[in-house]
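Here this note's numbering is used: the first residue of the sequence shown is 267, the next is one more, and so on.
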Amino acid sequence: METQISTMPRIGDTAPDFEAITTTGKIKLSEFAKDKWIIMFSHPADFTPVCTTEMAGFANEKDFWAKHNTQLLGLSIDSIHAHIAWINAVNEKTKVLFDFPIIADLDMSVAKLYGMLQPGESETAAVRAVFFIDPSKKIRLVMYYPLNVGRNMEEIKRSLLALQTSDEHKVAMPLNWMPGDKVIIPAPKTIEALAERKASNLEMVDWYLAKKSL
Ligand code: BEZ
267 METQISTMPR IGDTAPDFEA ITTTGKIKLS EFAKDKWIIM FSHPADFTPV
317 CTTEMAGFAN EKDFWAKHNT QLLGLSIDSI HAHIAWINAV NEKTKVLFDF
367 PIIADLDMSV AKLYGMLQPG ESETAAVRAV FFIDPSKKIR LVMYYPLNVG
417 RNMEEIKRSL LALQTSDEHK VAMPLNWMPG DKVIIPAPKT IEALAERKAS
467 NLEMVDWYLA KKSL
């Protein structure tokens, strides 16, 4: 029998609420990390090689997440004991500490709620999902990777900065935008705004595509 996937949260949705047991205690998402961005991500299984490299990647960026007002929240369909044993093993071997909360989603309820269980890939392990949730608990960006391809930490960090910069300055980010690059100013919405734009000395490819430095 095929496993049912109940939902697939989309960009713009309020992040579905849940309660869960994590490696730092019980949480309820709607009350978790108030006023912060949340990066919630799943990994297929504890004690597996790709997952270990990814978790270390998240842990090693601790200062970056703190500087950018972001709370990590991991998840896999493993027990709390497996999580603790894995954290301890990695810490003893490498000194890296996964000190952010990791959900023990043994009944797969959160994985199903977030479309992390994709039966064509695996019936029993979550895919590598990343949900960027803003301080109002709205889902702003979603990534899904398969079991055999690790994520790119630079792209995760870049995506977070792009979202935060876009919100702060009401601008959009062009292809391959990196912090410090020029940003796109929203296109004029009135004839008057069009005239203003044409008279401006903004860097302009056409009237609807203008860039500026922040
Ligand atoms: C890994 O993290 O190495 C992995 C986990 C599940 C399936 C395949 C690879």
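All C-beta atoms in this analysis are idealised placements derived from N, C-alpha and C, irrespective of residue type, glycine included. Owing to the predicted nature of the structure, the values given are computational and were not obtained by experimental measurement.
Which one or two residues does DSSP pair with residue i in a beta bridge?
i       : result
Thr-288 : Gly-291, Ile-369
Tyr-410 : Ala-395
Met-306 : Leu-339, Phe-397
Asp-472 : Leu-475
Thr-280 : Lys-404
Val-449 : Lys-478
Ala-438 : Ile-450
Roughly how far, in whole angstroms, is the beta-carbon of residue i from the beta-carbon of residue j, given that I think they are within contact range, below 8 Å?
i       : j       : result
Asp-312 : Ala-286 : That pair is no contact at about 16 Å.
Asp-344 : Ala-377 : Not a contact, Cβ separation roughly 11 Å.
Leu-341 : Ala-392 : 7 Å
Pro-440 : Ile-450 : 5 Å
Ala-281 : Ile-405 : 5 Å
Pro-412 : Glu-389 : That pair is no contact at about 14 Å.
Asp-283 : Lys-294 : 7 Å
Output needed for residue i: all residues of its chain with C-beta closer than 6 Å, excluding positions within five of it in sequence on either side, in chain order.
i       : result
Phe-364 : Met-321, Ala-325, Ile-353
Arg-276 : none
Asp-301 : Pro-401
Tyr-410 : Val-393, Ala-395
Take residue i as the anchor and find which of the options has the nearest alpha-carbon.
i       : options                            : result
His-435 : Arg-394, Gly-386, Ser-479, Leu-413 : Ser-479
Trp-331 : Ile-305, Val-356, Ile-350          : Ile-305
Val-396 : Ser-388, Gly-381, Ser-402, Glu-389 : Gly-381
Pro-445 : Leu-460, Leu-426, Pro-401          : Leu-426
Gly-416 : Thr-273, Asp-301, Pro-310, Thr-431 : Pro-310
Asn-414 : Val-316, Ser-375, Gln-337          : Val-316
Asn-335 : Lys-423, Thr-289, Thr-273          : Lys-423
Gln-384 : Ser-308, Lys-333, Val-362          : Ser-308
Thr-273 : Ser-375, Ser-432, Gln-430, Lys-403 : Ser-375
Pro-290 : Ile-350, Lys-359, Asn-357, Gly-323 : A small fix is needed here, since residue 290 is Thr in this sequence, not Pro. Of Ile-350, Lys-359, Asn-357, Gly-323, the residue nearest in Cα terms is Ile-350.
Thr-360 : Gly-323, Pro-367, Phe-366, Leu-338 : Gly-323
Thr-314 : Lys-455, Pro-367, Glu-462, Ala-355 : Ala-355
Glu-420 : Glu-327, Leu-339, Glu-297, Asp-279 : Glu-327
Phe-366 : Ser-296, Ser-432, Leu-338, Glu-462 : Leu-338
Ile-346 : Ile-368, Asn-357, Val-362          : Ile-368
Pro-430 : Glu-358, Lys-333, Thr-456, Thr-288 : Checking the sequence shown, residue 430 turns out to be Gln, not Pro. Nearest C-alpha to Gln-430: Lys-333.
Asp-279 : Thr-288, Glu-297, Lys-403, Asp-373 : Lys-403
Leu-372 : Thr-288, Val-362, Asp-329          : Thr-288
Could you pull out every residue in the same chain whose Cβ sits closer than 8 Å to the Cβ of residue i, ignoring the five residues on either side in sequence?
i       : result
Glu-469 : Lys-448, Ala-476, Lys-477, Lys-478
Val-408 : Pro-275, Arg-276, Ile-277, Ala-395, Val-396, Phe-397, Phe-398
Ala-428 : Met-439, Trp-443
Between residue i and chain D, is the shortest Cβ-Cβ distance under 7 Å, so that the two count as touching?
i       : result
Asp-279 : As a matter of chain content, chain D is missing from the structure shown, which is built from one protein chain.
Among the residues of its own chain, which have a CB less than 7 Å from the CB of residue i, if the five just before and after it don't count?
i       : result
Lys-464 : Trp-473
Met-267 : Low per-residue confidence applies at Met-267: pLDDT is 48, beneath 50, and the placement is therefore not dependable enough to give any value.
Thr-319 : Gly-416
Leu-460 : Pro-454, Trp-473
Residues with a Cβ closer than 6 Å to any heavy atom of the ligand BEZ, in chain order? In chain order, the hits are Pro-310, Ala-311, Thr-314, Pro-315, Val-316, Cys-317, Ala-391, Leu-413, Asn-414.
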